[in-house]
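Notes follow once the structure below has been shown.
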Amino acid sequence: MEAYQALREAAKASDIPLYRIGRELGKPDAYVNSAISRGSVPRCDTMAKMAKVCGYDLALLPEGEAPDSAFVIGDDVAK
81 MEAYQALREA AKASDIPLYR IGRELGKPDA YVNSAISRGS VPRCDTMAKM AKVCGYDLAL
141 LPEGEAPDSA FVIGDDVAK
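Heads up: the sequence shown begins at 81 in this note's numbering, then just goes up one per residue.
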């Protein structure tokens, strides 16, 4: 899963509209949708802040130990 796909899923699970994420970060309402449209990848610190708005933490876990409720970024990347 890509970072913004994970953010969308977290926002949906928390019933948070994407515009609110930008607003909470002091950015324009279209911040997240614009970033998705451009195909950009968020910095880790920015992703952590956006996840927090949705009630999630960004964390590093030992491989294979993410709970079923986690949105794992990069789990589809070939090893």
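For glycine and all other residues, C-beta sits at the position ideal for the given N, C-alpha and C.
- Contact fails between the stretch 143-150 and the stretch 124-133, because fewer than three Cβ pairs, one in each stretch, are under 8 Å apart.
- For the pair residue 131 and residue 114, the Cα-to-Cα distance works out to about 17 Å.
- Each residue's CA atom was taken as its position, placing residue 154 and residue 82 some 6 Å apart.
- A straight line joining the alpha-carbon of residue 104 with that of residue 149 spans about 24 Å.
- Annotation for residue 152: 81 and 146 place their beta carbon closer than 7 Å to its own, counting only its chain and skipping 5 residues before and after.
- Residues 151 and 153 of the same chain have their beta carbon placed closer than 7 Å to that of residue 86, with the five preceding and five following residues left out of the count.
- In this structure residue 136 does not touch residue 116 by the C-beta definition: roughly 18 Å separates them, more than the 8 Å allowed.
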